[in-house]
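Residue numbers (the working numbering): 333 to 732. Beta carbons: idealized from backbone N, C-alpha and C, even for Gly.
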């Protein structure tokens, strides 16, 4: 059968129109949502800066063993720390924030704080503690008296702004929210709104005896560098991707101890730490963290697992630190997987972590560490996220 030239051209056009979508779908550089090649290369470059700092710090600590010496030398390297701060800010601004709309670590922190301080969460959990204390007491207790003793400021609904300290802030992401009085600190800030401060060497002073309005003014007038802060000054302390930065477990524990001192009674410590594994793989590690941090005078209130991070909220339940380091080495319990991944370069062998007998016994308890909702409820903050990250050796540095 013969075809006219016009019919032939028509068939060619129809074939092109059918092939077009297939060709487009088969090309990852052209498909919808794909990261442009240049942007991806820039992302990898920035993440490389961050990872190199982490590796270098762990390597120096592994070689020297003196975490004070290693940390002080690290803080003096202004050039490297400046590059690190700029890389972290660029990653957060250009990649993490745009890819995590509605389900980011910052949004999680905001949701937990607002539910607790403004939407009845604080009253609910303190009333639960009071009922438990009355029921478990061996002698009669007055419920109202117990309730007031657990909440010394006598108010359950927070008045005014939440005073929030963001440690390792980099670019102070909480500053833009009207219900938060945010103080961001970092060893080398990426923006002017973050104060220069070495949190590990921060001096803790006696509590301020001022009216709430005067305390707010005091915080607004802080100037860099910050070398000391008053105890019981903040409602919230945030460690977002902070603890895994330190090469020593004792440094992580010391940070948590300082957070306890800086928080008011019933204040919140929010800890976010990277982990790209499924939620059960490091359940023993989360159990260990819970025990270590609660030994300081905290009570874990929320545990959530997102695709590439653990998120925990601890409530300060006692004014004084209750930790006993004689009977148990609590600082050593704040370990991370990288502590056992010794560098293979330059003579270091890569070894796997072997559990002790005590840890093997605790395995039976790890299923109690599955993520739960806020205030041990079924709220949305306890649900597991499924958003995707593009991960190399360090979690949440690259995102696809």
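Q | Best match in 533, 646, 457, 472 for proximity to residue 441 [C-alpha to C-alpha] | A | 646
Q. Which runs of the alpha helix (DSSP H), 4 residues or longer, sit entirely within the stretch 490–576?
A. 544–552
Q) In terms of alpha-carbon separation, which member of 369, 416, 632 lies closest to residue 503? A) 416
**Q.** residue 404 - containing alpha helix (DSSP H), residue span
**A.** 399–408
Q: Indicate the three-state DSSP secondary structure (helix, strand or coil) for residue 595 in the structure shown.
A: strand
Q) Among 438, 414, 612, which one has its Cα closest to the Cα of residue 381? A) 414
Q: Could you please give me the residues that DSSP links to residue 632 through a beta bridge?
A: 646
Q. Which residue comes first and which comes last in the alpha helix (DSSP H) that contains residue 612?
A. First-last for residue 612: undefined, no H or E at that position.
Q) Can we say the stretch 648–658 touches the stretch 609–618, given the rule of at least three CB pairs closer than 8 Å? A) no
Q. Mapping DSSP to helix, strand and coil, what is residue 672?
A. helix
Q: Tell whether a beta-carbon distance below 8 Å holds between residue 437 and residue 643.
A: yes
Q: Mind reading off the beta-carbon distance from residue 577 to residue 399? Whole number of angstroms is fine, and I expect it under 8 Å.
A: Incorrect: roughly 12 Å between the Cβ atoms, too far for contact.
Q. Does the separation of the CB atoms of residue 666 and residue 590 fall below 8 Å?
A. no
Q | Test item: CB-CB of residue 566 and residue 595 under 8 Å | A | yes
Q: Determine the DSSP secondary structure at residue 652, reduced to helix, strand or coil.
A: coil
Q. With respect to the alpha helix (DSSP H) encompassing residue 449, which residues constitute its N-terminal and C-terminal limits?
A. 437–449
Q. Looking at the structure shown, is residue 606 part of a helix, part of a strand, or coil, going by DSSP?
A. strand
Q. Is the stretch 469–478 close to the stretch 530–546, with three or more CB pairs under 8 Å?
A. no
Q | Spatial neighbours of residue 631 in its chain, beta-carbon cut-off 7 Å, leaving aside the 5 residues before and after | A | 646, 647, 649
Q.
Using 8 Å as the threshold, is the C-beta distance between residue 497 and residue 517 below it?
A. yes
(Q) So, under 8 Å CB-CB, residue 494 and residue 445 are touching, yes? Tell me the CB distance rounded to an integer number of Å. (A) 6 Å
Q.
I need the straight-line Cα distance from residue 510 to residue 609, nearest angstrom please.
A. 35 Å
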